[in-house]
Amino acid sequence: MNKHFQFPLKQGIGASAVPSVVNGDDVVRGQLIAYQEKDKLGTPIYSSISGKVTKVTDIEIEIEADKDQKKEFIPLKEADPLELIKQSGLVGLGGAGFPVYAKLAKPFSNAGTVIVNAAECEPILSHNIDSIEKRPKDVIRGLEIEMEVTNAAEGVIAIKKKHTAAVAILKKTLEERQGGKPIRIHLLKDMYPMGEERAIVREVLGQLLPVTSLPLEAGAIVSNVETVIRVHEAVDLKKPLIDKDLTIAGKLKGNENLIQIFHDLPIGMSVADAFAMAGGLADSYGELIMGGPFTGKRTELSSPIIKTTGGLIAAECFPKGPEKIGLLVCACGADEARMRQIAESMGSEVVGVQFCKQAAEVKGTRKCENPGKCPGQAAKVLALRKAGAQALLIGNCTDCSNTVMSCAPQLGLPVYHSTDCALRAVNHRLVRRIHEHID
Ligand code: SF4
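According to our numbering, the sequence shown is numbered sequentially starting from 51.
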């Protein structure tokens with residue numbers, strides 16, 4: 051192996067962890083390498099590999115991996131379930147990276163629902179559904195632990211109806227389950243952004259929360275599939291968060307197996323090594339994306355896989371865009387900076403920026419007032435044409451993209467979507483007008 055692994059000291063929401071190793075230290079898999087300061091929100095970091103520490107800075111720790119690696123790890127210290135979850139360094143693995151112990155720390159008084167977010171909302175990403183099919187008992191066990199810790203009255207697994215095999219496996223596993231608090235399955239429509247936390251709460255509990263509210267205000271806690279599996283591992287196996295499930299996709303060598311799933315890749319592995327595991331990159335590609343097509347960010351071969359990494363995509367080369375382009379930004383997709391980056395890669399000058407009417411600004415970021423339900427886009431499209439746009443680059447949800455497509459082409463404005471190059475790389479249908487019924 052003898053590869054270098056990088057462990058950024060900040061891998062989620064909260065303060066950076068503080069190194070507990072120095073240059074030259076020998077470490078083993080599962081060893082604490084950076085601790086979380088008392089009374090600060092954040093999580094500790096453990097080494098996913100055995101090796102020698104080669105660099106410690108304020109930003110990251112670098113470790114040169116030993117040639118031979120074992121799956122075994124140093125177990126967490128015996129403690130109650132919430133303390134084990136805290137010790138494990140677990141953050142929400144759906145992308146947000148909020149420390150899980152903090153989310154579970156305020157128990158419900160006599161009701162409350164823990165919802166497993168199995169929407170796997172981003173196209174291409176598929177490792178969570180694969181985990182459900184392969185480890186349904188671990189998903190349910192993780193959910194049970196979260197219900198126990200929070201004193202919730204019921205559990206719900208929210209999953210898109212189209213995942214028929216995973217739904218059938220979950221149903222069978224739940225039928226075989228003996229005793230315990232009730233757990234049910236809630237079927238979701240196949241729309242983006244069905245996996246947005248407040249969209250899940252709206253669909254499952256029938257309550258639309260304001261943009262400033264957390265699911266807790268509707269009596270709910272939402273955890274993604276891998277998060278509940280890692281909760282089970284922390285509590286039942288005393289395993290720290292050292293491995294990550296990942297979908298690796300796109301312009302890979304051989305043009306076969308365009309979407310590949312990897313379970314338990316060691317955190318800290320470089321993007322280059324991860325793509326090598328998937329057979330290597332094709333000779334030409336446009337950009338490398340860390341995350342899904344909608345919310346992912348451009349990354350580099352030397353970057354590491356971190357706790358919140360869910361996908362790596364080698365996208366198709368950028369098309370040549372028009373001279374002047376207008377941006378229509380969504381709260382649940384690419385942000386303005388990312389849209390500008392894509393426009394620049396297309397060789398286009400941005401002449402106007404509009405935000406979806408429902409993309410409300412909250413503490414410097416944007417949140418959708420009613421995720422996935424289009425408020426109308428005609429006025430935004432007209433404003434961009436007035437600003438001199440010869441075409442539009444949009445990042446909208448499924449419903450809003452549909453609306454844009456019902457007016458922009460009639461005004462002579464071609465439409466590009468921020469997800470196009472990622473989706474083209476795996477021959478996935480583009481986000482445009484959707485004619486068929488979605489369920
Ligand atoms: S309604 Fe607007 S802000 Fe909300 S998801 Fe759709 S495009 Fe994004």
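Yeah, the Cβ is synthetic: ideal placement off N, Cα and C, and Gly gets one too. Given the structure is predicted, the values throughout are model-derived calculations rather than measurements.
Annotation: the continuous alpha helix (DSSP H) that includes methionine 197 extends over 186-200. By the Cβ neighbour-count rule, methionine 327 is exposed, with fewer than 16 other Cβ atoms within 10 Å of its own.
Contact annotation: leucine 126 and proline 290 have beta-carbon atoms nearer than 8 Å. Under the DSSP assignment, serine 273 falls in the beta strand (DSSP E) whose first and last residues are 270-274. With 16 or more other CB atoms across the displayed protein chains lying within 10 angstroms of its CB, arginine 79 is buried.
Following the DSSP letters along the chain, one finds lysine 136 inside the alpha helix (DSSP H) bounded by residues 131-138.
Counting along the chain, isoleucine 219 sits inside the alpha helix (DSSP H) bounded by residues 214-226. Relative to the ligand SF4, even the nearest heavy atom lies 7 Å or more away from the CB of alanine 169. The DSSP-derived three-state label of cysteine 418 is strand.
Boundaries of the beta strand (DSSP E) harbouring glutamate 399: 399-405, taken from the DSSP string. Checking the 7 Å criterion, the Cβ of alanine 409 is within range of a heavy atom belonging to the ligand SF4. Where glutamate 247 is concerned, the enclosing alpha helix (DSSP H) starts and stops at 247-255. In this structure, alanine 381 has its beta carbon less than 7 Å from a heavy atom of the ligand SF4.
Rounded to the nearest whole angstrom, the C-alpha separation of glutamate 87 and alanine 65 is 8 Å.
Counted as a single uninterrupted DSSP element, the stretch harbouring leucine 287 is not any beta strand (DSSP E), since DSSP gives it neither H nor E.
Bridge pairing for alanine 115: Gly101 [DSSP]. Boundaries for glutamate 122: no beta strand (DSSP E) harbours it, and the DSSP string shows neither H nor E there. For threonine 448, the enclosing alpha helix (DSSP H) stretches over residues 448-455. Lysine 357 counts as buried, since at least 16 other C-beta atoms from the protein chains shown sit within 10 angstroms of its C-beta.
DSSP places phenylalanine 57 in the uninterrupted beta strand (DSSP E) bounded by 54-58.
Distance from the CA of aspartate 286 to the CA of glutamate 225, rounded to the nearest whole angstrom, comes to 22 Å. Within the stretch 295-356, complete beta strand (DSSP E) segments of at least 3 residues are found at 309-316, 338-340 and 347-349, given in chain order.
Secondary structure of asparagine 73 (DSSP, three-state): coil. For asparagine 446, the distance from the CB to the nearest heavy atom of the ligand SF4 is below 7 Å. Between threonine 469 and the set Cys382, Leu461 and Cys406, the nearest pair of CA atoms involves Cys382. The residue from Pro354, Pro425, Pro372 and Phe368 with its alpha-carbon nearest to that of cysteine 380 is Pro425.
For the set Cys406, Lys370, Ala409 and Leu378, the Cα lying nearest the Cα of serine 395 is the one of Lys370. Residues of the same chain with a CB within less than 7 Å of the CB of glycine 304, apart from the 5 flanking positions on each side, are Gly329 in chain order. With a threshold of 16 other beta carbon atoms within 10 Å, alanine 428 falls short and is exposed. When secondary structure is reduced to three states using DSSP, isoleucine 83 falls in the strand class. For glutamate 170, there is no enclosing alpha helix (DSSP H), as DSSP marks it with neither H nor E.
Selection Ala322, Ala324, Val281 and Ala332 evaluated against glutamate 306 yields Ala332 as nearest (Cα-Cα). Annotation for glycine 422 indicates a beta carbon within 7 Å of some heavy atom of the ligand SF4.
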